[in-house]
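For what it's worth, the working numbering labels the leading residue of the sequence shown as 10, then goes sequentially.
Just so you know, even glycine gets a beta-carbon here, dropped at the ideal spot from N, CA and C.
Notes follow the structure.
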Amino acid sequence: MTVTVVPSQQVLNPQLEIAGGRRLSGEVRVSGAKNSALVLMAASLLTEDTLRLRNVPPLTDIAGMGEILASLGVGVRRGSDSIEMDGSGLNQSAPPYELVNSLRASFFCIGPLLAKLGIARVPLPGGCQIGTRPVVEHVKGLKALGAQVTIEHGVVSAVVPGRGHRLKGGRIHLDCPSVGATETLMMAAALADGETVIENAALEPEVVDLAGLLIAMGARVRGAGTPTIRIVGVERLHGADYAVIPDRIEAGTLLLAAAITRSTLTVGPVITDHLGAVLTKLEEVGCRLDIDGTCVTISADQIRAVDLRTQPFPGFPTDLQAPFMSLLATAQGTSVITEHIFENRLQHVGELQRMGAAIRMQGNTAFIEGVHRLSGAPVKGSDLRASAAMVLAGLAADGITTVQGLEYLDRGYADLEGKLNAVGATIRRVG
Ligand code: EPU
Numbered sequence: 010m011t012v013t014v015v016p017s018q019q020v021l022n023p024q025l026e027i028a029g030g031r032r033l034s035g036e037v038r039v040s041g042a043k044n045s046a047l048v049l050m051a052a053s054l055l056t057e058d059t060l061r062l063r064n065v066p067p068l069t070d071i072a073g074m075g076e077i078l079a080s081l082g083v084g085v086r087r088g089s090d091s092i093e094m095d096g097s098g099l100n101q102s103a104p105p106y107e108l109v110n111s112l113r114a115s116f117f118c119i120g121p122l123l124a125k126l127g128i129a130r131v132p133l134p135g136g137c138q139i140g141t142r143p144v145v146e147h148v149k150g151l152k153a154l155g156a157q158v159t160i161e162h163g164v165v166s167a168v169v170p171g172r173g174h175r176l177k178g179g180r181i182h183l184d185c186p187s188v189g190a191t192e193t194l195m196m197a198a199a200l201a202d203g204e205t206v207i208e209n210a211a212l213e214p215e216v217v218d219l220a221g222l223l224i225a226m227g228a229r230v231r232g233a234g235t236p237t238i239r240i241v242g243v244e245r246l247h248g249a250d251y252a253v254i255p256d257r258i259e260a261g262t263l264l265l266a267a268a269i270t271r272s273t274l275t276v277g278p279v280i281t282d283h284l285g286a287v288l289t290k291l292e293e294v295g296c297r298l299d300i301d302g303t304c305v306t307i308s309a310d311q312i313r314a315v316d317l318r319t320q321p322f323p324g325f326p327t328d329l330q331a332p333f334m335s336l337l338a339t340a341q342g343t344s345v346i347t348e349h350i351f352e353n354r355l356q357h358v359g360e361l362q363r364m365g366a367a368i369r370m371q372g373n374t375a376f377i378e379g380v381h382r383l384s385g386a387p388v389k390g391s392d393l394r395a396s397a398a399m400v401l402a403g404l405a406a407d408g409i410t411t412v413q414g415l416e417y418l419d420r421g422y423a424d425l426e427g428k429l430n431a432v433g434a435t436i437r438r439v440g
């Protein structure tokens with residue numbers, strides 16, 4: 010018998026080695042939005058027809074959602090940048106814990122499952138690195154649509170009582186404009202009997218994208234992108250062929266890569282309305298932006314300090330807080346960042362400090378005194394966006410930075426190092 014010995018260091022510990030200090034130039038292409046694609050995939054549970062999504066990014070989270078849908082009986086076929094889902098075989102109402110636990114977004118399946126089958130049993134996904142991530146609003150909304158919901162032994166069991174097991178339209182006021190709750194309830198309401206009104210709904214572009222898909226499938230949805238969404242339920246939804254919006258967070262990360270390396274880079278496609286607060290902050294720190302249709306060319310030279318606080322859309326997105334902090338660590342002057350969305354999303358501060366950043370923390374606020382140069386060091390990203398922040402810091406730092414935590418990075422960025430290397434970065438994946 011031949012035994013192949015694989016060096017365990019390499020297998021268990023993949024990392025990026027970044028040689029810092031390179032200027033970037035050229036054009037980078039933005040992939041489809043992860044957080045849109047994930048929820049649009051869940052919408053395949055609402056129809057027996059085939060749903061085809063285009064501009065789907067090649068990410069481990071997308072593969073994970075595919076596995077969850079397959080576990081429920083959906084036929085999933087992946088193309089190079091598309092995915093086809095055939096809901097005619099849907100025969101399960103309970104995705105397994107192991108799959109839900111490793112992908113929080115899969116909890117959003119509860120809405121369409123309940124709407125289509127009248128029953129759903131979905132494990133609570135639990136917290137993650139960035140916070141506790143409750144689903145109270147999702148559950149409250151499903152109850153308002155007539156579902157009986159119990160939570161026992163870590164599983165949310167929901168059933169629609171009565172003949173036909175059809176949800177009933179209702180009025181829902183969300184206590185906070187949760188993106189996931191808004192999306193869950195939109196999908197549930199799409200097949201309910203009568204009109205549903207969701208008040209204090211999330212305004213995020215991914216919610217508007219979901220409305221676009223549902224309308225393409227025959228749903229009657231109005232008001233997505235405003236605080237009040239109205240959905241008149243229909244009896245049946247059909248298949249559709251639909252393109253996912255560009256990823257605003259990936260676009261923001263790439264613009265920040267140019268800013269932190271004081272470079273000029275063209276990033277697209279971007280829907281600039283999706284990035285309003287971010288583009289404004291980039292201008293405030295001194296970047297020049299040239300917008301041509303769906304392309305943004307950014308040029309950066311000197312970067313000055315700014316203050317920012319994360320907020321629901323159209324405010325500054327929490328998902329770009331960590332990457333923006335890396336930039337501000339190199340700015341002239343002292344910046345203040347306050348994280349308002351997630352209670353534990355400043356874990357990257359300690360790692361940036363290891364690279365020479367001068368940051369002081371007080372509760373959910375970070376005071377960042379810009380330094381002349383960051384210095385390369387081994388660092389680890391604690392979540393997806395913290396990992397991206399480490400990559401950005403590494404691009405600007407003196408010497409070599411090694412970034413661990415790629416299991417997070419690969420969940421949300423399609424070939425980040427390939428894209429950056431194509432415009433002049435020197436990043437090597439080892440292990
Ligand atoms: N919240 C509640 N109760 C609830 C639901 C949410 O208090 O029942 C609170 C959360 O604790 C948090 C805030 O509301 O403080 C926002 O949470 P939300 O539900 O809006 O977030 P989500 O739907 O779980 C999505 C994205 C996140 C992104 C947030 C905020 C997906 C799959 N995830 O999460 O993306 O940070 O919206 O914009 O769409 C990422 O991509 O790195 C990521 C974490």
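- For His147, the enclosing alpha helix (DSSP H) covers residues Val145 to Ala153.
- Distance from the CA of Gly96 to the CA of Ala197, rounded to the nearest whole angstrom, comes to 16 Å.
- Its chain contains Ala210 and Leu212 as the residues whose beta carbon lies nearer than 8 Å to that of Thr235, once the 5 sequence neighbours on both sides are disregarded; these appear in chain order.
- Distance from the C-beta of Glu213 to the nearest heavy atom of the ligand EPU is below 7 Å.
- With a threshold of 7 Å, the Cβ atom of Phe333 does not count as near the ligand EPU, since no heavy atom of the ligand is closer than that.
- Secondary structure of Gly385 (DSSP, three-state): coil.
- Contact between Gly248 and Leu108 does not hold, since the beta-carbon distance rounds to 24 Å and is not under 8 Å.
- At a threshold of 7 Å, Gly140 counts as near the ligand EPU, since its beta carbon sits closer than that to one of the ligand's heavy atoms.
- Within the same chain, Cβ atoms closer than 7 Å to the Cβ of Gly30 are found at Asp407, the five residues on either side in sequence being excluded.
- Here Tyr422 carries a coil assignment [DSSP, helix/strand/coil].
- Its chain contains Pro23 as the residues whose beta carbon lies nearer than 6 Å to that of Leu415, once the 5 sequence neighbours on both sides are disregarded; these appear in chain order.
- By the 16-neighbour rule on beta-carbons within 10 angstroms, Gly35 is exposed.
- For Val144, the CB falls within less than 7 Å of some heavy atom of the ligand EPU.
- Across the set Ser391, Asp392, Gly385 and Tyr417, the C-alpha of Gly385 shows the shortest separation from the C-alpha of Ala28.
- With fewer than 16 other Cβ atoms inside 10 Å of its own Cβ, Gln311 counts as exposed.
- Within the same chain, and ignoring the five residues on either side of Pro104 in sequence, the residues whose Cβ sits closer than 7 Å to its Cβ are Ile77, Ser80, Leu81, Ser115, Cys118 and Val131.
- Remark: C-beta atoms of Val412 and Leu25 approach each other more closely than 8 Å.
- By the neighbour-count criterion, in which a residue is buried when 16 or more other Cβ atoms sit within 10 angstroms of its Cβ, Ser89 is exposed.
- For Thr141, no alpha helix (DSSP H) run applies, since DSSP gives it neither H nor E.
- Look at Ile119 here: in three-state DSSP terms it is helix.
- The beta carbon of Gly75 lies closer than 6 Å to those of Val85 in the same chain, with the five residues before and after it left out.
- Taking 8 Å as the cut-off, the beta carbon of Ala156 is found closer than this to the beta carbon of Leu123.
- When C-beta atoms of the stretch 393-402 are compared with those of the stretch 241-257, fewer than three pairs fall below 8 Å, so the two segments do not count as touching.
- Relative to the ligand EPU, even the nearest heavy atom lies 7 Å or more away from the CB of Ser115.
- Between Thr343 and Ala366, the alpha-carbon positions lie close to 12 Å from each other.
- A straight-line Cα-Cα distance of about 25 Å links Ala190 and Thr281.
- The DSSP assignment places complete alpha helix (DSSP H) segments of no fewer than 4 residues inside the stretch 259-320 at 285-293, in order along the chain.
- Between Ser111 and Gly135, the gap from beta carbon to beta carbon reaches 8 Å or more.
- In its chain, beyond the 5 residues on either side, Thr343 and Ala367 have a beta carbon closer than 7 Å to the beta carbon of Glu378.
- Taken in chain order, the complete alpha helix (DSSP H) segments of 4 residues or longer contained in the stretch 202-257 are 214-225.
- Beta-bridge analysis with DSSP links Phe325 to Thr319.
- Using a cutoff of 7 Å, the CB of Asp328 counts as near the ligand EPU, since one of the ligand's heavy atoms is closer than that.
- Taking C-beta atoms under 8 Å as the contact rule, Val287 and Leu329 qualify, at a distance of about 6 Å.
- By the CB criterion at 8 Å, Ser40 and Pro66 fall inside the cutoff.
- Proximity of the beta carbon of Ile207 to the ligand EPU is not indicated: no heavy atom of the ligand is located closer than 7 Å.
- Asn44 has its Cβ nearer than 7 Å to a heavy atom of the ligand EPU.
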